Amino acid sequence: PGQYYTTTIIATGDCDDADVNANPGATEICGNNIDDNCDGNIDEGCNTNLQLTCKAFIQGYYIGSGQMNTVLFNQGESASTIICDSITVELRNTNMPYAVLYSTKTNIGVFGEFSISVPTAIANSNHYLVIKHRNSLETWSNVINGSTFYPYNFTKAENQAYGDNQTEVESGVYAFYSG
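Counting in this note's numbering, the sequence shown runs from 7 upward without gaps.
In structure tokens, the structure reads:
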């Protein structure tokens, strides 16, 4: 600036002006090598994991009695008759822009079960559980308090998905919409 300008630095606690997601209120995102929450530590709380178990059905694969088709086996992609298909599971922040806190690809079994290993710091935070599948609508859970809501069961009620975004495939059993 010229001679008639002054600069004032306001202490906000923001540790990285180039990254709007790095601030004192942010949740630490494991594995990105960034101090997301501005506490001077990188990826803290990421060394221990919790096993999160969930249950969900995919409408087009559901064959009744709490079971889905063995899609990967039928397509010659797997020798296992207990695996239905693969899905992507994300845990997302509850505040806009709903940043991805954790993401992994896993298999969903014919009985709808799947589990993922998630860093404890993320698993115990409030978050959305997001399921992505190649032939169904992306489905979000309601807000989950990780320390009390696992195992999470999408199949027991329509409102287990954000916006009741599921369909009843048999009496009292719900599944993700698929094409």
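All C-beta atoms in this analysis are idealised placements derived from N, C-alpha and C, irrespective of residue type, glycine included. Note that the structure is predicted; figures quoted are calculated from it, not measured.
Original post:
Which residues mark the beginning and the end of the beta strand (DSSP E) in which isoleucine 48 is found?
Top reply: Taking the sequence shown and counting its residues from 1, one reaches residue 48 at position 42. That residue, isoleucine 48, is in no beta strand (DSSP E); it is neither H nor E in DSSP.
Subject >> According to DSSP, residues forming a beta bridge with serine 142 >> reply: Numbered from its first residue, the sequence shown carries residue 142 at position 136. Note: serine 142 sits in a beta bridge opposite His139, Ser184.
**OP:** Quick one: give me the first and last residue of the beta strand (DSSP E) that phenylalanine 120 is part of.
**Re:** Position 114 of the sequence shown, counting from 1, holds the residue named residue 120. Counting along the chain, the beta strand (DSSP E) containing phenylalanine 120 begins and ends at 119-125.
Subject >> First and last residue of the uninterrupted alpha helix (DSSP H) at asparagine 80 >> reply: Working through the sequence shown from its first residue, we reach residue 80 at position 74. From DSSP, the alpha helix (DSSP H) with asparagine 80 extends over 77-80.
Original post:
Should threonine 59 and proline 125 be called a contact, given that it needs their Cβ atoms to be closer than 8 Å?
Top reply: Here residue 59 refers to the residue found at position 53 of the sequence shown. Here residue 125 refers to the residue found at position 119 of the sequence shown. No, these two residues do not count as a Cβ contact at 8 Å.
Subject >> Rounded C-alpha distance that separates aspartate 23 from glutamate 119 >> reply: Counting from one through the sequence shown, the residue named residue 23 turns up at place 17. Counting from one through the sequence shown, the residue named residue 119 turns up at place 113. Aspartate 23 and glutamate 119: Cα-Cα distance of roughly 42 Å.
Original post:
Does the region 73-90 come close enough to the region 165-175 that 3 or more CB-CB pairs lie under 8 Å?
Top reply: no
Original post:
Cβ atoms of tyrosine 108 and cysteine 36: under 8 Å apart, would you say?
Top reply: Residue mapping note: residue 36 aligns to position 30 of the sequence shown, counting from 1. Residue mapping note: residue 108 aligns to position 102 of the sequence shown, counting from 1. In contact: cysteine 36 and tyrosine 108 (Cβ atoms closer than 8 Å).
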